[in-house]
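Enquirer:
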Amino acid sequence: MTQSAPGPDPDDDPPARPPELRDGTLYVQGAEDDDGESSNGKREVRGGRASTVLTALLVAVGLALPGVAVFLRRPPAQGLPVPEASSGVTALPGAPSMSGETRPAQGSSTEVTAKPGTVSLEQVPSRASSTESASSRGSLKGSKPTSGGASAPPSPLVGALARVEPRPPSSSAHSSERLRADLEDTTLPPEARSLAALALLDAHLNRERWRSLAMDAERISQLDLPRYQLRLPAEQAAWLRIHAARNLEQWDTVLRIGPTFRQAYPDSPLVPAVDAIVRSTLVHRSNAEDNQRMLRADLRAEEDRAARDIARLEGLGRPATEPRRRLDFQRCRLPADKGFHAEALVPCRAFLATWPVATTPAELGEYRDVRGLEIKALVGLRRYAEARERLAAFLASDPEGEPRTRARAVIQSIPVEAEE
């Protein structure tokens, strides 16, 4: 007799369904939906306690592990459309920040668009990535694209030529005129006139306008104006008049008005500074006299050497071009090296006019050196406009020769509002 297989025990639980994730919650058995009544009429829920406990545990773990929390809050993958190619990752406006978010690697061109009301993790940039993107955008701002994608640095010649060209008139001249008018206006309070006098002196000093400083200081030193903020205009003017004369290399003037300052203001705190200028001027004059004697001796030696060489070459029936050219070059170089600008300018220009053609590299180097010495002599004589013109001509005709002379650096060192 064949026995049938025993059927399932009605008291046994039905087979458990696999875990399922719905709306951000992990359902293990799904028994919550299969509530029923037992044979004794009592209602029971199968599996509800295990699912609830497991969900609570996962939520607790999610609070401790940000990665799990993101997984629990992540929307279903079916809600995302197919990614489309784009030029970069674009974040949604007002997208919230998430800890533990992920995004494509740097340089990825994938853009993901989420459904309305949802936020894709790929669309929320991390703080470090946002900072890096902002800094990269800031570094590119203002740069001009060139062929090849790299920004070309500005040419140093452009700035140098801009310094050579004449500058527009400055507004400081108008302010100086207003201060002079206030200074001479006797209807103003004495304190206001003192303020104008001190402001005028300070403006000339800060802009290194030595000639204007000497002129206005001479005038202010003759006025009887009261102190303003512990500064007496006449005292300041007398002191700055000495300072201007020194910068103008008016050595005799410094030695003449320096001692009178001590006599007029014996208790002034500026007396030690005035004495120092007078002493340094005496030393400078002594050194200048020694350099003048050395210069005359060197020039005589060069002239004697050139005369001997010329006589020897002419006795041999050969041209004496080389010793004559060498003598003209030394007549320019020797005074220029010792800082005698007036003595150097004339022979330097004579050399450029006499020897405009160079036949050897050495002669070309000498010709370039003389062009630079001429410009430096003009700057030393405060003939700035003429020096800029000579530099512009040098750069236009021989841009490769100017660097060895550093004439452009000398021009660039001229103060913006320096007077001729």
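With this note's numbering applied, the sequence shown corresponds to residues 216 to 635, in that order.
Ideal Cβ placement from N, Cα and C applies to all residues, glycine included.
As the structure is a prediction and not an experimental result, all values here were calculated from the model.
1) Tell me which same chain residues have a C-beta within less than 7 Å of the C-beta of Gly473, skipping the five on either side of it?
2) Could you say which of Leu588, Thr402, Asp397 lies nearest to Leu413 if we only look at CA atoms?
3) Is Arg597 helix, strand or coil when you go by DSSP?
4) Determine the DSSP secondary structure at Arg426, reduced to helix, strand or coil.
5) Tell me the rounded alpha-carbon separation between Arg603 and Arg564.
6) Go ahead and pull the three-state DSSP assignment for Tyr480.
7) Any idea what DSSP makes of Leu307, helix, strand or coil?
8) Express the C-alpha separation of Glu399 and Asp467 in angstroms, rounding to a whole number.
9) Anyone know if the C-beta pair for Arg666 and Leu588 falls short of 8 Å?
10) Under the assumption that Pro436 contacts Ala418 (Cβ atoms under 8 Å), give the Cβ distance between them as a whole number of angstroms.
11) Classify Leu416: buried if its beta carbon has 16 or more other beta carbons within 10 angstroms, exposed otherwise.
12) For the stretch 605-623 and the stretch 577-592, state whether three or more C-beta atom pairs, one from each stretch, are separated by less than 8 Å.
13) What residues in its chain sit with their C-beta under 6 Å from that of Arg426, if we drop five residues either side in the sequence?
14) Looking at the secondary structure, which residues open and close the alpha helix (DSSP H) in which Glu518 lies?
15) Under DSSP, the alpha helix (DSSP H) around Arg533 begins and ends at which residues?
16) Considering only the beta carbon of each residue, do Leu410 and Leu420 sit closer than 8 Å?
17) Does Val469 pass the burial test, meaning 16 or more other C-beta atoms within 10 Å, or should it be called exposed?
18) Could you name the residues of the same chain whose beta carbon sits closer than 7 Å to that of Phe566, not counting the 5 residues immediately before and after it, in chain order?
19) Please report the straight-line C-alpha distance between Leu463 and Asp505, rounded to a whole angstrom.
20) What distance in whole Å lies between the Cβ atoms of Glu450 and Ser483, which are believed to be in contact at a cut-off of 8 Å?
21) Taking the alpha carbon of Leu510 as the reference point, which residue from Ala479, Arg540, Ala559, Gln465 has its own alpha carbon closest?
22) Out of Arg424, Asp431, Arg408, Ala460, point me to the one whose CA is closest to Asp439's CA.
23) What do you get for Gly357, buried or exposed, if any count of 16 or more other CB atoms within 10 angstroms of its CB means buried?
24) Suppose you measure from the CA of Thr574 to the CA of Arg395; what does that come to, to the nearest Å?
25) Rounding to the nearest angstrom, what Cα-Cα distance links Asp524 and Glu518 in this structure?
26) Sort Gln444, Gln478, Asp431 by Cα distance to Ala638 and report the nearest one.
27) Using only alpha-carbon positions, find the residue among Val625, Glu615, Glu617 that is nearest to Tyr599.
28) In this structure, does DSSP put Arg623 in helix, strand or coil?
29) When you compare only the Cα positions, how much space is there between Leu445 and Leu514?
30) From this set, Tyr443, Pro441, Pro448, which residue's C-alpha is nearest Glu433's C-alpha?
31) Give me the residue from Glu632, Lys591, Pro630, Glu601 with the minimum Cα distance to Glu617.
32) Around the Cβ of Pro562, are there at least 16 other Cβ atoms within 10 angstroms (buried) or fewer (exposed)?
33) Rounded to whole angstroms, what is the Cα-Cα separation between Gly532 and Gly554?
34) Between which two residues does the alpha helix (DSSP H) containing Asp439 stretch?
35) Rounded to a whole number of angstroms, what is the C-alpha to C-alpha distance between Gly580 and Arg540?
Expert: On the basis of the supplied data:
1) Ile457, Val489, Ile492, Val493
2) For the options Leu588, Thr402, Asp397, the alpha carbon positioned closest to that of Leu413 is the one of Asp397.
3) Coil.
4) helix
5) 16 Å
6) DSSP places Tyr480 in coil when its eight states are reduced to three.
7) Since pLDDT at Leu307 reaches only 34, below the 50 mark, its modelled position is unreliable, and the value read off the structure follows with that caveat. Three-state DSSP puts Leu307 in coil, outside helix and strand.
8) 30 Å
9) Nothing about residue 666 can be read from this structure; the chain reaches only from 216 to 635.
10) For clarity, residue 436 is Ser in the given sequence; the question names Pro instead. Rounded, the Cβ-Cβ distance is 17 Å, inconsistent with contact.
11) The residue in question, Leu416, is buried, as its Cβ has 16 or more Cβ neighbours within 10 Å.
12) yes
13) Hits under 6 Å: Glu634.
14) 486-530
15) Counting along the chain, Arg533 falls outside any alpha helix (DSSP H), and DSSP gives it neither H nor E.
16) At a Cβ-Cβ threshold of 8 Å, Leu410 and Leu420 do not count as neighbours.
17) buried
18) Asp543, Phe544, Cys547, Val585
19) Straight-line measurement puts the Cα of Asp505 at about 21 Å from the Cα of Leu463.
20) 6 Å
21) Ala559
22) Arg408
23) Here Gly357 scores only 35 on pLDDT, less than 50, and its place in the model should not be relied on; the value that follows carries that caveat. Looking at its Cβ environment, which holds fewer than 16 other Cβ atoms inside 10 Å, Gly357 is exposed.
24) For Thr574 and Arg395, the distance between alpha carbons rounds to 58 Å.
25) About 10 Å.
26) Residue 638 lies beyond the residue range present for the chain, which begins at 216 and ends at 635; the question has no answer from this structure.
27) Val625
28) helix
29) 54 Å
30) Of the listed residues, the one whose Cα sits closest to Glu433 is Pro448.
31) Lys591
32) buried
33) 39 Å
34) For Asp439, there is no enclosing alpha helix (DSSP H), as DSSP marks it with neither H nor E.
35) 13 Å
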